[in-house]
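Reviewing the structure listed below.
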Amino acid sequence: MTEPEGADDLREAARPGAGEVTATVIVEAPAERVFAALLAWERQSDWIPFTRVRVVEGDGREGSRIEAVTALGRATLRDEMRVVRVDEPYEIGVVHHGQLLRGPGVLRCTQLDRDRTQVVWHEWFHLPGGRAGRLAWPVLWPGSKLGLTQALKRFARLVEQGRLP
-17 MTEPEGADDL REAARPGAGE VTATVIVEAP AERVFAALLA WERQSDWIPF
33 TRVRVVEGDG REGSRIEAVT ALGRATLRDE MRVVRVDEPY EIGVVHHGQL
83 LRGPGVLRCT QLDRDRTQVV WHEWFHLPGG RAGRLAWPVL WPGSKLGLTQ
133 ALKRFARLVE QGRLP
C-alpha cells in the first residue's frame, strides 16, 4: 500500500518547531458546546481578525484540509492545515503544512465545572529564515501570544452569548 501524496511533507511539518506559543481562556459554557464551536471552522472568521477560514476537503474532522487566509491591506498570509486528531470534546490536533506556516497545533478543552471550560491553544511553528528567524522570534513572540489570546477572548464572548457555534 502506498502513502498519499504529500505524506512525507506532512510528517516533516508535524515535528514541533522552535516557535512555541500558547494562549488560554476560560469560557462560561459546557465543554461540548465549546468544542462544537471550535470545530465550526468557517466561524473562526468571526473571532480571528482579518481571517477567512474554509474547509477545503472533508467534513472538518480528522483528515480534513482547512485553509485560513489572513489579509491586512495588500499583505496576505495563507495557512494550510490538515486535521490530524479529533478527540471530542477534548482535543483538536492540526498540522500546518503551508509554505510559510508549518508545525503542529492543538486546541484543548478541559471542563472545569458543569458550565465552565478552559480552552488552551498551543502552536509549535517552524521558524522560517534559519538563524535570522530564530533571532527574530523573541521579538515576534509577544505579538503572536497577544493575537492568540485576544482571538480566544472574542471566541469566549461569542460562545457565552450563544452566537457560536
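Residues -17 to 147 (the numbering used here) are what the sequence shown spells out, left to right.
We put the beta carbon where it would ideally sit given N, CA and C, even for glycine.
Here the alpha carbon of Glu73 sits roughly 34 Å from the alpha carbon of Arg56. For Val16, same chain residues with a beta-carbon under 7 Å away, outside a window of 5 residues either side, are Val9, Cys91, Thr99, Val101 and Val141 in chain order. Unbroken beta strand (DSSP E) runs of no fewer than 3 residues, entirely contained in the region 67 to 101, are found at 73 to 79 and 84 to 95, following chain order. Val76 is not a Cβ neighbour of Val68, given a cutoff of 7 Å.
Just so you know, the alpha carbons of Leu(-8) and His79 end up roughly 6 Å apart. Nearest to Leu128 by C-alpha distance, out of Ser46, Ala22, Pro31 and Gln26, is Pro31. For Glu2, the enclosing beta strand (DSSP E) has its first and last residue at Gly1 to Val9. In this structure, DSSP gives Ala57 an extended state, which the three-state scheme calls strand. The continuous stretches of beta strand (DSSP E) do not include Arg145, and DSSP gives it neither H nor E. Taking the CA atoms as reference points, Phe137 sits about 5 Å from Trp29. Taking 8 Å as the upper bound for CB-CB distance, Ser27 and Val35 are in contact here, some 5 Å apart. As the crow flies, the alpha-carbon of Gln143 is around 21 Å from that of Ala5. In the structure shown, the three-state DSSP call for Phe107 is strand. The alpha-carbon separation between Pro12 and Asp97 amounts to approximately 4 Å. Here Glu39 is exposed: its Cβ has fewer than 16 other Cβ atoms, across all protein chains shown, within 10 Å. Going by DSSP, Glu(-6) is part of the alpha helix (DSSP H) stretching over Ala(-11) to Ala(-5). Per DSSP, Glu14 lies in no beta strand (DSSP E); the unbroken alpha helix (DSSP H) holding it starts and ends at Ala13 to Leu21.
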